[in-house]
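Scroll down for the structure; my scribbles are underneath it.
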Amino acid sequence: PLELAILYNSLVFDICLSSNSGKKLLGVIDHGLSRVLEVCAVSGQGLGSEGRWQRVLQEDTLEELQAPLHRLAALQGVLWLAANRLATAEGLFQLLNSAKVPEASPCHGHQNKFLSLLQMWQPPDLAESDPLLVQSVPELKGILWTSAAFLQGVQELEAGDLPAAVALLQTAASGLCSRRRLAQIFTLMGCCNLKMDKPQMAIQYLKRALQVDFTFLPALYQASLLYHQLGLLEAELEVLALLYQVCLRKNWLQLASPCFLIQMELLTCASQLSSIFVKNCPSDVKYLLAQRNLQHLLILGWGPPPLQVSLCGELALPRIPEVFLEAASALEELARHRDAIAVCEEVATRMNGLIPERLPIELDLGAAEDLPGPAGSSLTNSAGNLLKRKRESLLCVLWRAAAYLIQGLAWAGLGEAKEAISHLSRCLNDLLRVHFVTAEQMGLSEAKVLPQIRQLALTGRGIQFLHLGRNKEALADFQHSLLVCPDRPSANLYLTHTLWKLDRRQEAAAHWQKLHVDAAGLEEEAERCVSFPIYLQPCMRQTKFPHTESLAKNVGSFLAASSQGP
Numbered sequence: 005p006l007e008l009a010i011l012y013n014s015l016v017f018d019i020c021l022s023s024n025s026g027k028k029l030l031g032v033i034d035h036g037l038s039r040v041l042e043v044c045a046v047s048g049q050g051l052g053s054e055g056r057w058q059r060v061l062q063e064d065t066l067e068e069l070q071a072p073l074h075r076l077a078a079l080q081g082v083l084w085l086a087a088n089r090l091a092t093a094e095g096l097f098q099l100l101n102s103a104k105v106p107e108a109s110p111c112h113g114h115q116n117k118f119l120s121l122l123q124m125w126q127p128p129d130l131a132e133s134d135p136l137l138v139q140s141v142p143e144l145k146g147i148l149w150t151s152a153a154f155l156q157g158v159q160e161l162e163a164g165d166l167p168a169a170v171a172l173l174q175t176a177a178s179g180l181c182s183r184r185r186l187a188q189i190f191t192l193m194g195c196c197n198l199k200m201d202k203p204q205m206a207i208q209y210l211k212r213a214l215q216v217d218f219t220f221l222p223a224l225y226q227a228s229l230l231y232h233q234l235g236l237l238e239a240e241l242e243v244l245a246l247l248y249q250v251c252l253r254k255n256w257l258q259l260a261s262p263c264f265l266i267q268m269e270l271l272t273c274a275s276q277l278s279s280i281f282v283k284n285c286p287s288d289v290k291y292l293l294a295q296r297n298l299q300h301l302l303i304l305g306w307g308p309p310p311l312q313v314s315l316c317g318e319l320a321l322p323r324i325p326e327v328f329l330e331a332a333s334a335l336e337e338l339a340r341h342r343d344a345i346a347v348c349e350e351v352a353t354r355m356n357g358l359i360p361e362r363l364p365i366e367l368d369l370g371a372a373e374d375l376p377g378p379a380g381s382s383l384t385n386s387a388g389n390l391l392k393r394k395r396e397s398l399l400c401v402l403w404r405a406a407a408y409l410i411q412g413l414a415w416a417g418l419g420e421a422k423e424a425i426s427h428l429s430r431c432l433n434d435l436l437r438v439h440f441v442t443a444e445q446m447g448l449s450e451a452k453v454l455p456q457i458r459q460l461a462l463t464g465r466g467i468q469f470l471h472l473g474r475n476k477e478a479l480a481d482f483q484h485s486l487l488v489c490p491d492r493p494s495a496n497l498y499l500t501h502t503l504w505k506l507d508r509r510q511e512a513a514a515h516w517q518k519l520h521v522d523a524a525g526l527e528e529e530a531e532r533c534v535s536f537p538i539y540l541q542p543c544m545r546q547t548k549f550p551h552t553e554s555l556a557k558n559v560g561s562f563l564a565a566s567s568q569g570p
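Sequential numbering of the sequence shown, starting at 5, is according to the numbering used here.
So this is what it looks like as structure tokens:
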């Protein structure tokens, strides 16, 4: 018993200080079990950890060794939970309860066998306080209970069984845990309720998380996602601004935690938790705040675009060129045309040398999987690498073309029609480098942006040709624009306007009638349904047709006169 007490105390300190790996500590427990089998004159040769425990607990062990063995079993459960081996730990506590086979007790509406086994487990010295032990068994039992509920709740959350996850997390919240872990539990419950379409419950849990630990940043971040989903932009911006301020404060006071050597944090530091609760970086939060402010500034009425984020994970931030393009769009929206031109010039210059003269894309997204040969073979690997390189080149083409597009519209804003035409032509020339060999290429997300850029560039260049009086060239651009996006109302209206200016009024009237008369309403409805990247949205505003009412009046008068006859 004394030897096992010393082993127990040393293991508690080793686990607390993390001075040894879990594998080494498990070996120490195995050695202790071998000593017990040696005392009982029982062979443990060739047995693993689970086999040793089964042999020890099924033998007629000395009465005085029962309490030390249960204490050692508690530490075995701690190490197995820390390694996320819940099934193995459950088997151990089934052995500790010997012949007792429990019915799974309810856990806030759900049945759970592991928690029932922990509840039934009665170590021989449970009610005693041994001054020779550095941590009591009742404390370990409570921490095991809380940790088991928490880890199983996380597993159910990842498996998609949200009601079961909420029930288990609610059980964990009633156990022995620090303020930080309690804040994490409430945040996870808020995430579950948000995914179950219960936003009011979700916000209540997030508030409780911040009341418990006001320094827990993921709770604030999840609140911003909730307001985003509800379309409450001002509340979302307020929370993001607060999150950014809190991220800058590094020296927070540490909140008091339960004074146990082995705490819940040591058992629930499994790898999946690091992917759930990612530390928010100030620059990431500031980017998201800037992006949402830009969307608020645009006021296009399309509603908030979906955020590409995981349940509680890190922000899905775009590549650096996209951040520059969004910054240029914001500058353009504020009529700071020369600043927008300078930012886009940085993007265009960085792409030089990265774009081939011609970019044929032959592989679809699943081509590497369909190639002959085993997975991981040189053939499939080379095909996958080729697709990856071509997609990267496609992104470079997209970014430089978008930079030229924004520059062209910025020059148009400065009244420099010739410079605008020059940059918009560069944009179109870049897009001509890309050749899709198969129709499946339109499954690429990047490929869906290219026609949007081409349509905006053609419409923008046609507008500048109109300003220079080059109406025939303008008409050709508007016609080509409609070949790319036939349902784009702005290009249709400009085409009708140009036909009218060229005195081709019968054609203009016929084209107008195809627009179902209510052109302004049609344009607004169509634009609301188009999911353009945020850096292209100011370009859409600049290519909108501004004279819908006068055009409608002119064409309407012409149609009325034509219907009366000579």
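Even glycine gets a Cβ: it sits at the ideal position worked out from N, Cα and C.
DSSP three-state assignment for residue i, whether helix, strand or coil
{"i": "F562", "result": "helix"}
{"i": "M446", "result": "Residue confidence is low: M446 scores 45 on pLDDT, short of 50, so the model does not pin down where it sits. Its coordinate-derived value is still stated next. Three-state result, M446: helix."}
{"i": "L536", "result": "The sequence given here has Phe at residue 536, not Leu. Note: F536 maps to coil in three-state DSSP."}
{"i": "H551", "result": "coil"}
{"i": "P364", "result": "strand"}
{"i": "V438", "result": "strand"}
{"i": "S287", "result": "helix"}
{"i": "R458", "result": "helix"}
{"i": "E7", "result": "helix"}
{"i": "V16", "result": "helix"}
{"i": "M268", "result": "helix"}
{"i": "G412", "result": "helix"}
{"i": "F281", "result": "coil"}
{"i": "N433", "result": "helix"}
{"i": "A168", "result": "helix"}
{"i": "Q139", "result": "coil"}
{"i": "A87", "result": "coil"}
{"i": "Q312", "result": "Note that Q312 scores a pLDDT of 43, beneath 50, so its modelled location is shaky and nothing firm can be said."}
Where residue i falls, given that 16 or more other Cβ within 10 Å makes a residue buried
{"i": "Q541", "result": "buried"}
{"i": "P378", "result": "Because P378 carries a pLDDT of 41, less than 50, the predicted location of this residue cannot be relied on, and no value is offered for it."}
{"i": "F17", "result": "exposed"}
{"i": "H1", "result": "Because the chain spans 5 through 570 in this model, residue 1 falls outside it and cannot be assessed."}
{"i": "D522", "result": "Bear in mind that a pLDDT of 48 at D522, under 50, signals an unreliable position, so the model cannot answer this."}
{"i": "V82", "result": "buried"}
{"i": "P222", "result": "buried"}
{"i": "S102", "result": "exposed"}
{"i": "Q238", "result": "It is Glu, not Gln, that sits at residue 238 in the sequence shown. Exposed, by the Cβ-count rule."}
{"i": "S333", "result": "buried"}
{"i": "V453", "result": "buried"}
{"i": "H300", "result": "exposed"}
{"i": "P490", "result": "exposed"}
{"i": "G473", "result": "exposed"}
{"i": "H471", "result": "exposed"}
{"i": "L11", "result": "buried"}
{"i": "L15", "result": "buried"}
Proximity test, Cβ basis, 9 Å: residue i and chain B
{"i": "R508", "result": "Protein chain content of the structure displayed is limited to a single chain, and chain B is not contained in it."}
Beta-carbon proximity list for residue i, same chain, < 6 Å, skipping 5 on both sides
{"i": "P127", "result": "H74, V141"}
{"i": "P325", "result": "V351, W403"}
{"i": "V216", "result": "R183, L186, A187"}
{"i": "C431", "result": "A405, Y408, L409, A461"}
{"i": "F440", "result": "I365"}
{"i": "A206", "result": "G194, N197, L198, L230"}
{"i": "V488", "result": "P455, R458, Q459"}
{"i": "L298", "result": "A334"}
{"i": "L173", "result": "G157, I189, L192, M193"}
Residue i CB to nearest heavy atom of the ligand COA below 8 Å
{"i": "L555", "result": "This structure simply doesn't include the ligand COA, nor any ligand for that matter."}
Chain-order list of residues whose beta-carbon lies under 8 Å from that of residue i (same chain, five-residue window excluded)
{"i": "P360", "result": "S397, R437"}
{"i": "G525", "result": "Unreliable positioning characterises G525 in this predicted model, as indicated by a pLDDT of 48, which lies under 50. The coordinate reading is nonetheless provided below. So no residue of the chain qualifies."}
{"i": "T463", "result": "D481, F482, S485, R492, S494, A495, Y498, T547"}
First through last residue of the alpha helix (DSSP H) which encompasses residue i
{"i": "V327", "result": "324-337"}
{"i": "F118", "result": "117-124"}
{"i": "C251", "result": "237-252"}
{"i": "C543", "result": "541-546"}
{"i": "G52", "result": "Per DSSP, G52 belongs to no alpha helix (DSSP H) and is neither H nor E."}
{"i": "R509", "result": "509-518"}
Own chain partners of residue i with C-beta closer than 7 Å, once the 5 adjacent residues on each side are dropped
{"i": "T150", "result": "A176, G179, L180, C181, M268"}
{"i": "F328", "result": "V347, E350, V351"}
{"i": "L563", "result": "A513"}
Self-check item: the stretch 544-555 / the stretch 497-516 touching (three or more Cβ pairs under 8 Å)
Solution: yes
Exercise. Could you tell me whether the stretch 157-170 touches the stretch 283-293, where touching means 3 or more Cβ pairs closer than 8 Å?
Key: no
Quiz item: Would you call the stretch 86-102 and the stretch 42-58 in contact, with 3 or more CB pairs under 8 Å?
Solution: yes
Quiz item: Is the stretch 149-164 touching the stretch 31-41, taking contact as three or more C-beta pairs under 8 Å?
Solution: no
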